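One structure below.
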Ligand SMILES: NC(=O)c1ccc[n+]([C@@H]2O[C@H](COP(=O)([O-])OP(=O)(O)OC[C@H]3O[C@@H](n4cnc5c(N)ncnc54)[C@H](OP(=O)(O)O)[C@@H]3O)[C@@H](O)[C@H]2O)c1
């Protein structure tokens, strides 16, 4: 790693009397490529015995007196450094001197804050300013591409404790040191400002966290000094912008290995493409992979053959009310798979009648026959969930989005595979709206923990029925299908270091039935791992428009283990703000990450860590 210093003529370290500063100097002189001159500063050089001893052994160490909080001392040091480096300039300035004034909310005072701030944030800036002519000189003289210590660099010793992003979740109860933490946050911003201002001069400015190391400041509990090379390790591994110069043999070996790996990857890719072309010739959707609906652009589906097969299977399962071309990546594949295993049998008898005088649709659930008994229980406690689905447009071929106009549940009949219900429900409905309605009957097996099993469903699209007289029908139960009731623009962002997942609920588009005025929407986001709900958060209520804008970000702390296998469920609810307990579920979006399956949106998020990725998802009920 010391190769990094091959082209570095002069380097200066502040606070080199002990701790990390002293170790940096020692590591540099014993490294394979020691800088031409190492300028080690100490506020009291006479007291810095170890540094003195080191300087006696190594001629290229020059000790200079510098109190970083004293402007006069900084200026004096700058002229001494100038004399030492002369026209070569200064290649690397390491602002290492620092103090830790420990004070929590109770003990902190303005003086303590200012003292820490002066040493840790203000001093590095003032020292950089004073050394700027020498840094510019070195940057101008330096050869080679890019920025780094082969030209000029300013390295500010910061600390993870200054990171605001990391002061969340489990970590937020540690090290409540107001002066130190804020001074390092300020130092980070000083560094960023310097980086912006000095980029044009070719001077690299960066903040470096050295790790937690055993010094007077770090304390005795930390792991032992990696005496020889801790600084180089940090430099070599973390300073991506510092150019490392390798020997020519090594460079050619790396290049050779890279070319071989690239060729292997290329062959594998060609082989995969060949296999796909020969094995899955008809799995593609006829309309290509992206679709537009209602002015919203859907992101492209994955090309993965397995997903395509899933797509084909799933498209059969969507109700006629759901446009297959609109199928996004948000289908709940798991729950669909579960349903496939269900043993669907039996029939449901119901009657429908449209009372023209009262403009009412009357639905009567009469009875069911030969219902399946679920594997683990020896009986079944059935009830029927009736939903009136109202389509946005009356379009037989490609139907539009729907909304639930009304919903009811029949009574529960205990321990019966052929229950008699006799429950009647009615709903006020204009006659011209009747053809837009589909009645969906879901026969369910009651579970006291609300995980009611699905025994099958029957549907009655009213556009094909004459309802001027009560019409009695018996329908065989079918595998339940999901209905598309809206779409939502969601953004996902994952920050691996802080292990935070941000779910942005940006916009929700649903159907607004003209009868349903003064409604509000909100979305509840839950994160589920291994069938357990870990956390949930909800957005604020917003007035329900055709497109309701939320622009809210909900944050979840998700440790590594959980991020590998979890499902995000966004549930959209409608409420009537004036009425208590008027909550009504509109539908769900499932974004799933399993061991073998990964939702497209999830994949994009993991490919672009720390960046929010937005994507439209269909909402199903
Ligand atoms: N140790 C860790 O685990 C750790 C972790 C993250 C970041 N850091 C950062 O790394 C840097 C070095 O830390 P360390 O652990 O080596 O600390 P340290 O053992 O306490 O040493 C601090 C050094 O800074 C010098 N210094 C303090 N105030 C000064 C002033 N006004 N003028 C000139 N020199 C001054 C000290 O000189 P005197 O001998 O004259 O006091 C000493 O040489 C600090 O910026 C610290 O925030 C350390």
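Residue numbers (the UniProt record's numbering): 1 to 621.
Positions of the beta carbon are idealized from the N, C-alpha and C atoms, including for glycine.
Keep in mind it's a predicted model, so treat the numbers as computed, not measured.
- Look at residue 534 here: in three-state DSSP terms it is strand.
- In the structure shown, residue 267 falls within a helical segment according to DSSP collapsed to helix, strand and coil.
- Among the bridge pairs identified by DSSP, residue 487 is matched with 509, 618.
- For residue 86, the secondary structure class from DSSP, reduced to helix, strand or coil, is helix.
- Annotation for residue 183: the continuous alpha helix (DSSP H) segment containing it runs 178-198.
- Nearest Cα to residue 490 within the set 588, 566, 512, 468: 588.
- Counting of Cβ neighbours within 10 angstroms places residue 53 among the exposed residues, the total staying below 16.
- Listed in chain order, the beta strand (DSSP E) elements of length 3 or more contained wholly in the region 350-375 are 360-369.
- Every unbroken stretch of the alpha helix (DSSP H) spanning 4 or more residues and falling wholly within the region 49-97 is given here in chain order: 49-57, 71-85.
- Annotation: the continuous alpha helix (DSSP H) that includes residue 27 extends over 19-30.
- By the C-beta density criterion, residue 89 is buried, having at least 16 other C-beta atoms within 10 angstroms.
- Between ligand 1 and residue 157, a heavy atom-to-CB distance of less than 6 angstroms is present.
- Not a single heavy atom of ligand 1 lies less than 6 angstroms from the C-beta of residue 147.
- It is roughly 16 angstroms from the alpha-carbon of residue 620 to the alpha-carbon of residue 567.
- Residue 575 carries a strand assignment under DSSP once its states are collapsed to helix, strand and coil.
- The three-state secondary structure of residue 430, taken from DSSP, is coil.
- Residue 365 holds the alpha-carbon nearest to the alpha-carbon of residue 475 among 365, 450, 497.
- DSSP places residue 514 in no beta strand (DSSP E); its state is neither H nor E.
- Not one heavy atom of ligand 1 falls within 6 angstroms of the beta-carbon of residue 111.
- Apart from the 5 residues on each side of it in sequence, residue 544 sits with its Cβ closer than 7 angstroms to the Cβ of 512, 519, 520, 521, 574 in its chain, given in chain order.
- For the pair residue 487 and residue 616, the CB atoms are nearer than the 7 angstroms cut-off.
- Taken through DSSP and simplified to helix, strand or coil, residue 550 comes out as strand.
- In this structure, residue 562 lies away from residue 584, with their beta-carbon atoms at least 7 angstroms apart.
- By the C-beta criterion, the region 124-144 is judged not to be in contact with the region 160-171, since fewer than 3 inter-stretch pairs fall below 8 angstroms.
- The beta carbon of residue 499 lies closer than 8 angstroms to those of 169, 557, 558, 559, 560, 563 in the same chain, with the five residues before and after it left out.
- Counting other Cβ atoms within 10 Å of its Cβ, residue 601 reaches 16 or more and is therefore classed as buried.
- Inclusion of residue 348 and residue 458 in the CB contact set at 7 angstroms is warranted, their separation being smaller than that value.
- In this structure, residue 96 has its CB closer than 6 angstroms to one or more heavy atoms of ligand 1.
- Shown here, residue 130 sits in a helix according to DSSP, grouped into three states.
- Looking at the DSSP output, residue 504 shares a beta bridge with 491, 553.
- The beta carbon of residue 20 sits closer than 6 angstroms to at least one heavy atom of ligand 1.
- Residues of the same chain with a CB within less than 8 angstroms of the CB of residue 80, apart from the 5 flanking positions on each side, are 64 in chain order.
- Relative to ligand 1, the beta carbon of residue 215 is positioned inside 6 angstroms of a heavy atom.
- DSSP, reduced to helix, strand and coil, places residue 10 within a strand of the structure shown.
- Selection 442, 618, 58, 36 evaluated against residue 507 yields 618 as nearest (Cα-Cα).
- Residue burial is scored here from C-beta neighbours: residue 120 has at least 16 other C-beta atoms within 10 angstroms and is therefore classed as buried.
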